[in-house]
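**Q**
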Amino acid sequence: MSVITLTLNGEMISGLTGQTLLEVIREHGVELPTLCHLEGISERGGCRLCMVEVNGRMTAACVTKANEGMHVNTHTEKLQNYRRMILELLFAERNHVCAVCVMNGHCELQSVAAAQGMDSVRYDYLSPELPMDASHKRFVLDHNRCILCTRCLRVCDEVEGAHTWELKGRGIHSMVITDLNGPWGESPSCTSCGKCVQVCPTGALYDQGSTVAEMEKKHDFLPWILGGRGKKEWNW
Amino acid sequence: MNRSELFNMAQVEQERQAKLRFRILSCASTPCLSAGSQDVFNALQTAVTEHGLNAEVDVVASGCNGLCSHGPVVRIQTGDAPDDIYEFVTPEIARQIVARYADENGADVSEHLIPADAPFFAKQQRIVLGNSGRIDQEDIEGYIARGGYTALAHVLREMAPEQVCDAINQSGLRGRGGAGYPTGLKWQLVRKAPSNKKYVVVNCDEGDPGAYMDRTILESDPHRLLEGMAIAGYAVGADQGYIFVRGGYPGAEKRLNQLERVIRMAEKHGLLGGRVMDSNFSFRIDIRLGAGAFVCGEETALMLSIMGKRAQPVPRPPYPAQRGLWGAPTLLNNVETFANIVPIILNGADWYANIGTEKSKGTKVFALAGKVVNGGLIEVPMGMTLREIIYDIGGGIRDGHEFKAAQTGGPSGGCIPAQHLDSPVDYESMKALGSIMGSGGLIVLDDTSCMVDVARFFMEFCVDESCGKCVPCRVGTMQMLRQLEKICNGSATMQDLEILEELCEMVRETSLCGLGQSAPNPVLSTLRHFRDEYEAHILERRCPAGVCKMDQVPVMELAEELPRRMRSASGQKEVA
Amino acid sequence: MLVTKQQSDYAPPATEDPRMDEVARAVKRFGYQQDALIEVLHIAQRAFGYLDETLLTYIARQMKLPLGWVYGVASFYHFFSFEPPAEHNCVVCTGTACYVEGAQKILDLLEKEFGVKPGQVSADGRLSVTDFRCPGSCGQAPILVIDGELLGRETPESTIARIKQLLANDKQAKEVAP
């Protein structure tokens, strides 16, 4: 791997070939908000919060490889504004009522919004009527809180290997489903490992029995097991 | 089949046709079918049998003649004389036509004959559609008799792959799918990509609601597409081609079977498959079915669909020319682009480069529809003005209405108003006007259309077709639709218009793929040219074209409006 | 579904429906290649008219794909349907040319007369209305496809008349052959 140099917000920095812009930027202490990105699983490039300007053109940092001589700006006024607008769109899309959410206080969507200074939603709340699925004996799926980041799909497919989760429909009508759109509890492929619950950034997936602001999630197991197995860090 | 067998076959067919008294080509393309051309075809066949002319006359189901709004259309070829084309043919008239040509004393049918110098045909330059309507939809002999597969024979014998790419590059041909990327460059990229396996894909999904060029070329002159693909395969080093066709639309099954037969026919004659024309070049073509997703116009989504997955675009790079189908370099072009290859090889790159404007070479096929007199499939040289297309070829606006705008590029394009009627139609000037060339949909709107409602119509389409992967497109289009609906029902304020404009910019810049990036175009272009209509809706609460219902009021005014409505409902007089 | 319960969850469900054989043949014809899923779904929908759970499970097990994968692909594309088709189907083109020529008026009148919105089936299950973009007959707009027959230059009134005729014909046929 060779070293490359690029300009980040006016400063010369270095990175390695093969790294994504997001990795390089975060290594140099600049914080970019993300929701669909999660270390350990494949990139999706769907939430568009990590948009940066590269040589004047907008691109998502998580799916762009760092290249020699790039001029990257991460926090122009326009980018900040767009990030807030995207968050507003997310809050308006489904029924995100923090006050009664199990994840209140630990939610990634909530904390990203707070960090970006998004304090009000100017758009119409679409308020769709969405179901909840509490058929699983250990977990609950609440579509009202889902932001369709598909972390659950990817972790189930790539790490657990079960491919229980899938998206159905398209566009604004997309929803996460298990198997043939049946109840989660009756899914023949689900192993009840709970990885999907742990990687979910919002209160869409949570443990049965948790109440408001009780649920906390941990996904540092991902780099740990992937490093252990994938990079063979566990040698015994 | 080798070269000499090919020429032999062409000669035999030409001689057979020359011996006929006349040939009847009854249009069997979708628009004419919807006007009842199947009955016309049956009537023609019966009439020919009744006159005992089966041996001397061909009755053939042909492709599109172009004048779709005047269908069913029947073309008569008599020896060397120019063809006679009849419009609005019914089974009764079909019988009369046959009688007329069988013996000169039949009833007069000239009422339905289109004059040879009609501007609809005279002003067109038909290169891509050159065979369309003049040959049988399926038979390979008819195509070969008109010089088919000689371009492939020439390329295989006389040209190195590099030379083919150069020729296409010199011709100045640009992608006809809408974006206008230089075709030759794309071919060179794929040719140079290091890989043992490469693919050629033709996009015939055609999701633009109001365009049917690609399907019609595929129906009317399928062998030309196959030949163009084979040449492309030879040039880039691919041995497998896919035709990505829309499945599931009414009548699709029949068309697909037909296409399947056409491919098998070419394989049977050794023009496709292993060792094409006894050379070392092999090329197979398979059909892959789409199932109704506009987003498949995006190349990464299209390839995912070919691979049997959900068609959700993935970020580029890598481009398909580097990593496409199953990771192999893939050449992806539109039907019309491939249909241009054969004439370029046959007539030379310089000939092609002389047609059109400086930066946009060649011709463009448009599906002209809407409020024009002559709607249909037309082909004009690049650089022709919109006025010529709409008024000369299209015959002007129907029913004495005023021209208002021309919509090009479908849901990714925009509306061009009357003051720009004289601007030439090419990639650059369309872009400068806030629209795009697009794949070729050209819908003419008159003063009965409300431009805000047109924008709402296209936004509704984008909401429906968004794949849902990225937030700006999935939720942004929905929010834009909400704002447009509010404007159309009278409950919008100027603040809503501001929000709409801001959203347009954001969705355009931050969306993952072309669908989202171009979704705001219809709104932006109508705002640019018809801002007064938006303002009339909001400030005066009136729809200038009288289309929108305007039966709501802004939320902020409800407080005043409600008591007024209650009073009037209970019969009280309004207090000033 | 008793039969499947006895088998492994991952074997194709046993069935005696000859249409299933057609699907199985299709899977075989494509060499069990998983990328032919959309082609197989097309063939399955043609054979059955719609895709139900048994069928999707069968396809998934035959092609060795995860269940969710098959459902996700089938639900992404508008052509695939999970509901049994109505006796008669009226497709109204809502493409740009047909929109300009007043396709909405046809839809409005259909809703008024039969109480069916696009994508819905009438209460008696006899008529469904679908919107579709676009069959590519823009020169003859507005376009209808009634039970597979392509019709051009329709008006709201002629549409209603055609459908009423269609429904009445059924009634007569039933009376003749009880």
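As given, the protein sequences belong to chains C, R and Z, one line each in that order. Adding 85 to a residue's 1-based position in the first sequence gives its number in my numbering. Adding 34 to a residue's 1-based position in the second sequence gives its number in my numbering. Adding 116 to a residue's 1-based position in the third sequence gives its number in my numbering. Note that CB positions come from ideal geometry on N, CA and C, so glycine has one too. Everything numeric in this text was worked out from a predicted model, so none of it was measured.
Measuring alpha carbon to alpha carbon, tell me which of Gly304/R, Asp320/R, Ile321/R, Arg322/R ends up nearest Asn314/R.
**A** As a first step, residue 314/R is located in the second sequence; it is residue number 280 there, counting from the start. Of the listed residues, the one whose Cα sits closest to Asn314/R is Gly304/R.
**Q** Please name the residues in the region 343-360 of chain R whose beta-carbon is closer than 9 Å to at least one beta-carbon of chain C, in chain order.
**A** So the list reads Arg344, Ala345, Gln346, Val348, Pro349, Pro351, given in the order they occur along the chain.
**Q** Using beta carbons (cut-off 9 Å, strictly below), is Ser463/R in contact with chain Z?
**A** Looking up residue 463/R in the second sequence gives position 429. No, Ser463/R does not count as interfacial toward chain Z.
**Q** Cβ of Ser244/Z less than 9 Å from any chain C Cβ?
**A** Within the third sequence, numbered from 1, the residue matching residue 244/Z stands at position 128. Not closer than 9 Å to any Cβ of chain C, the Cβ of Ser244/Z fails to qualify, so no.
**Q** Since Thr217/R is in the alpha helix (DSSP H), which residue starts that stretch and which ends it?
**A** On the second sequence, residue 217/R is found 183 positions in, with the first residue counted as 1. From DSSP, the alpha helix (DSSP H) with Thr217/R extends over 217-226.
**Q** Between the Cα of His571/R and the Cα atoms of Ser545/R, Val589/R, Gly524/R, Asn408/R, which residue gives the shortest distance?
**A** Counting from one through the second sequence, the residue named residue 571/R turns up at place 537. Checking every option, the nearest Cα to that of His571/R belongs to Gly524/R.
**Q** Residues bridged to Lys317/C by DSSP?
**A** In the first sequence, counting from the first residue as 1, residue 317/C sits at position 232. Paired residue(s): none; Lys317/C is not in a bridge.
**Q** Take Ala245/R as the anchor and find which of Ala403/R, Asp255/R, Val505/R has the nearest alpha-carbon.
**A** Here the question's residue 245/R lines up with position 211 in the second sequence. Of the candidates Ala403/R, Asp255/R, Val505/R, the one whose C-alpha sits nearest the C-alpha of Ala245/R is Ala403/R.
**Q** Please give the ranges of any alpha helix (DSSP H) in the region 223-274 of chain C, keeping only runs that are unbroken, at least 4 residues long and fully inside the region.
**A** Qualifying alpha helix (DSSP H) stretches, in chain order: 236-239.
**Q** Helix, strand or coil for Thr271/Z? Go by DSSP, reduced to three states.
**A** Indexing the third sequence from 1 puts residue 271/Z at position 155. In this structure, Thr271/Z counts as coil in the three-state DSSP scheme.
**Q** I want to check one thing, is the minimum distance from the CB of Ser339/R to the heavy atoms of the ligand ATP below 8 Å?
**A** Inclusion of the ligand ATP in the displayed structure is not the case, the ligand content being empty and no account of it being possible.
**Q** With a threshold of 16 other CB atoms inside 10 Å of the CB of Glu138/R, please say whether the residue is buried or exposed.
**A** Taking the second sequence and counting its residues from 1, the one referred to as residue 138/R is at position 104. Burial call: exposed.
**Q** Closest to Val406/R by C-alpha separation, out of Glu287/R, Cys102/R, Phe122/R, Leu338/R, would be which residue?
**A** For this step, residue 406/R is matched to residue 372 along the second sequence. The shortest Cα separation from Val406/R among Glu287/R, Cys102/R, Phe122/R, Leu338/R belongs to Cys102/R.
**Q** From the DSSP output, which residues share a beta bridge with Gln441/R?
**A** Residue 441/R sits at position 407 when you count from the first residue of the second sequence. According to DSSP, which records beta bridges pairwise, Gln441/R is partnered with Cys449/R, Ile477/R.
**Q** Find the nearest neighbour of His69/C within the set Ala177/C, Leu174/C, Met136/C, Arg314/C, judged by alpha-carbon distance.
**A** Residue 69/C lies beyond the range of chain C shown here (86 to 321); nothing can be said about it.
**Q** Helix, strand or coil: which one does DSSP assign to Lys302/R?
**A** Walking along the second sequence from the start, residue 302/R turns up at place 268. Lys302/R falls in the helix class under three-state DSSP.
**Q** Can you tell me where the alpha helix (DSSP H) holding Asp433/R begins and where it ends?
**A** As a working note, residue 433/R is residue 399 in the second sequence. Counting along the chain, Asp433/R falls outside any alpha helix (DSSP H), and DSSP gives it neither H nor E.
**Q** Whose Cβ in chain C lies nearer than 8 Å to the Cβ of Asp498/R?
**A** The residue given as residue 498/R occupies position 464 in the second sequence. In chain order: Gly256.
**Q** Is there a Cβ of chain C sitting closer than 9 Å to that of Cys504/R, yes or no?
**A** As a first step, residue 504/R must be located in the second sequence, where it is residue number 470. By this cut-off, Cys504/R is an interface position.
**Q** Would you please verify whether the beta carbon of Met493/R is less than 9 Å from any beta carbon of chain C?
**A** Position 459 of the second sequence, counted from the first residue, corresponds to residue 493/R. Output row for Met493/R: interface = no.
**Q** In whole angstroms, what separates the C-alpha of Leu596/R from that of Asp426/R?
**A** Looking up residue 596/R in the second sequence gives position 562. Looking up residue 426/R in the second sequence gives position 392. Going from the Cα of Leu596/R to the Cα of Asp426/R covers about 53 Å.
**Q** Nearest to Glu532/R by alpha carbon, out of Arg207/C, Cys234/C, Val297/C?
**A** What you label residue 532/R is simply residue 498 of the second sequence in a count that begins at 1. When only C-alpha atoms are compared, the closest one is Arg207/C.
**Q** Straight-line CA distance for Asp255/R to Ser60/R?
**A** For the purposes of this step, residue 255/R is taken as the residue at position 221 of the second sequence. For the purposes of this step, residue 60/R is taken as the residue at position 26 of the second sequence. Straight-line Cα distance between these residues: approximately 15 Å.
**Q** Beta strand (DSSP E) containing Leu260/Z: first to last residue?
**A** Along the third sequence, read from residue 1 onward, the residue named residue 260/Z stands at position 144. Taken as a continuous stretch (DSSP letters only), the beta strand (DSSP E) holding Leu260/Z covers 260-262.
**Q** Apply the 10 Å Cβ neighbour rule to Leu307/C and answer buried if 16 or more other Cβ atoms are within range, or exposed otherwise.
**A** Reading the first sequence from its first residue, position 222 is the one you call residue 307/C. Looking at its Cβ environment, which holds 16 or more other Cβ atoms inside 10 Å, Leu307/C is buried.
**Q** Nearest by alpha-carbon distance to Ala151/C: which of Leu106/C, Glu301/C, Asp242/C, Ile262/C is it?
**A** Position 66 of the first sequence, counted from the start, is the residue given in the question as residue 151/C. Looking at the Cα atoms, Leu106/C is the closest of the given residues.
**Q** Is the Cβ of Gln288/Z closer than 9 Å to any Cβ of chain C?
**A** In the third sequence, residue 288/Z corresponds to position 172, counting from 1. Output row for Gln288/Z: interface = no.
**Q** Between Thr419/R, Thr124/R, Gln159/R, which lies nearest to Gly70/R when the distance is taken from Cα to Cα?
**A** For the purposes of this step, residue 70/R is taken as residue 36 along the second sequence, with counting starting at 1. Ranking Thr419/R, Thr124/R, Gln159/R by Cα distance to Gly70/R puts Thr124/R first.
**Q** At what residues does the alpha helix (DSSP H) containing Asp224/Z begin and finish?
**A** In the third sequence, residue 224/Z corresponds to position 108, counting from 1. Unbroken alpha helix (DSSP H) run through Asp224/Z: 219-230.
**Q** Give me the DSSP bridge partner(s) of Pro234/Z.
**A** Translated into the one-based positions of the third sequence, residue 234/Z becomes position 118. None, per the DSSP bridge assignment.
**Q** Identify which residue in Ser552/R, Gly271/R, Glu294/R, Ala266/R has its Cα closest to the Cα of Val279/R.
**A** On the second sequence, position 245 is the one that residue 279/R refers to. Val279/R has its Cα closest to that of Glu294/R, out of Ser552/R, Gly271/R, Glu294/R, Ala266/R.
**Q** Measuring straight from C-alpha to C-alpha, what distance separates Glu519/R and Arg490/R?
**A** On the second sequence, residue 519/R is found 485 positions in, with the first residue counted as 1. On the second sequence, residue 490/R is found 456 positions in, with the first residue counted as 1. Taking the straight line joining both Cα atoms gives about 7 Å.
**Q** Quick one: residues in its chain with C-beta nearer than 6 Å to the C-beta of Phe492/R, no 5 flanking neighbours on either side, listed in chain order?
**A** Numbered from 1 along the second sequence, position 458 holds the residue referred to as residue 492/R. Closer than 6 Å at Cβ, skipping near neighbours: Pro445, Pro556.
**Q** Taking just the CA atoms, how far does Val459/R sit from Asn203/R?
**A** Taking the first residue of the second sequence as 1, we reach residue 203/R at position 169. Taking the first residue of the second sequence as 1, we reach residue 459/R at position 425. Straight-line Cα distance between these residues: approximately 21 Å.
**Q** Just reading off the beta strand (DSSP E) that Ile265/R is part of, what are its end residues?
**A** On the second sequence, residue 265/R is found 231 positions in, with the first residue counted as 1. Unbroken run through Ile265/R is the alpha helix (DSSP H), 256-270; no beta strand (DSSP E).
**Q** Quick one: Cα of Thr249/C to Cα of Lys221/Z, how far?
**A** Against the first sequence, residue 249/C aligns to sequence position 164. Against the third sequence, residue 221/Z aligns to sequence position 105. For Thr249/C and Lys221/Z, the distance between alpha carbons rounds to 44 Å.
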